Amino acid sequence: MSFNDNAQLDPGRVNDSRGRSGGKIAAGGGGILVLILAALFGINPQVLNDLGLGGTSSSQSQTQSTDGAQSQDCKTGADADQRSDCRIIGTVQSLDAFWGPYLAKYKVEHADPDIEIFSDAVNTGCGQASSDVGPFYCPADQTGYFDVGFFDLLRDRFGASGGPLAEEYVVAHEYGHHIQNEIGTLQYSQQGGTGPTSGAVRVELQADCFAGLWAAYASETKDSQGNSFLEPFTKADLQDALSAAQAVGDDRIQEASTGRVMPEAWTHGSAAQRQAWFMQGYETGDINKCNTLESKDLNNPA
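FYI, in UniProt numbering the residues of the sequence shown are 1 to 302.
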């Protein structure tokens, strides 16, 4: 999905802390991959610390540094088409423009989440986290955290096709956790342990559905000047999003990392489920059709 070149971005919408963390990011080694996979897409980093999985675990690490506040250069949709950090900003603004009015129809009071772009490590209301945990939402400070390096990992290590809508899907999924926090469904992630019908899986699939719901209306969202943020997307764009959803399915991740699939350990849902619930949101455009918590068959949204 391409941005409208004339769309106006507000770099002040996000906090860009890159270059100020001074942390280390691991490179290579199997332990770091396990940690990333365990935390992918919304797991509270404090949970990893409680399980003794926090921090890096690799035989090789390197310090990365960047010039802070690079995102201040993100001004227009044309910038969002060229740079991942600008794409995060533009996607977040589109999500803001969609979710506020949409939830108002259901008399749900909405406050936009905070967003932080970081590198290496970051301090959050849920504890300190490194880039190892991937993108995540912390309900304690109502903030979504993104390291743009994850998008390369999604493509190069997890086999996603890449493309703008793949990255936008990631942002929309984490924003979806904020919506769940507002409507009271995020808490169900702590119920039922792990497994294909656990509360954790149901919450993650609902966030996928919410991402698809936004995508259904994304080209209608407008900036403060009345410009559409995004152009209508193509079948190729949609396939990019589905490829990203497939790449982070529990079964795909388990098979790639261990050679076998263990449904009893699932926390996010299978590749097919993640794709199906994204499409459920996209095709129906109805939040009532994203009720994964009461679904009797998570393989077949209805």
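Yeah, the Cβ is synthetic: ideal placement off N, Cα and C, and Gly gets one too. Predicted, not measured: the structure shown is a model, and the values here were computed from it.
- Counting along the chain, the unbroken alpha helix (DSSP H) around Thr-284 starts and ends at 271 to 284.
- Proximity to Cys-74 across Ser-84, Trp-99, Gly-19, Pro-11 peaks at Pro-11, based on C-alpha coordinates.
- Distance from Asp-208 to Phe-278 at the Cβ level is roughly 5 Å; contact confirmed, criterion being Cβ atoms closer than 8 Å.
- Between Leu-186 and Pro-135, the CB-CB gap reaches or exceeds 8 Å.
- Here Glu-294 is exposed: its Cβ has fewer than 16 other Cβ atoms, across all protein chains shown, within 10 Å.
- Here the alpha carbon of Ile-183 sits roughly 31 Å from the alpha carbon of Ala-160.
- At the C-beta level, Thr-76 and Asp-5 come within 8 Å of one another.
- A direct Cα-to-Cα measurement between Gly-259 and Ala-80 gives close to 38 Å.
- Counting other Cβ atoms within 10 Å of its Cβ, Ser-119 reaches 16 or more and is therefore classed as buried.
- Note on geometry: alpha-carbon atoms of Asp-147 and Leu-298 lie some 30 Å from one another.
- The beta carbons of Ser-228 and Thr-234 sit no closer together than 8 Å.
- Per the C-alpha coordinates, the member of Gly-149, Arg-155, Ala-215, Ala-272 positioned closest to Gly-176 is Ala-215.
- Secondary structure note for Gln-82: it is in no beta strand (DSSP E), and the uninterrupted alpha helix (DSSP H) holding it is 77 to 82.
- Distance from the CA of Gln-72 to the CA of Gly-100, rounded to the nearest whole angstrom, comes to 25 Å.
- Only residues of its own chain outside the window of five on either side were considered, and among them Tyr-169, Ala-172, His-173, Gly-176, Phe-278, Gly-281 have a CB closer than 7 Å to the CB of Ala-211, listed in chain order.
- A direct Cα-to-Cα measurement between Ser-270 and Gln-254 gives close to 10 Å.
- Here the C-alpha atom of Val-203 lies approximately 7 Å from the C-alpha atom of Tyr-188.
- The alpha-carbon separation between Glu-167 and Ser-131 amounts to approximately 16 Å.
- In its chain, beyond the 5 residues on either side, Phe-98, Tyr-102, Gly-285 have a beta carbon closer than 8 Å to the beta carbon of Tyr-217.
- A straight-line Cα-Cα distance of about 21 Å links Gln-142 and His-268.
- Listed as beta-bridge partners of Ile-115 by DSSP are Gly-144.
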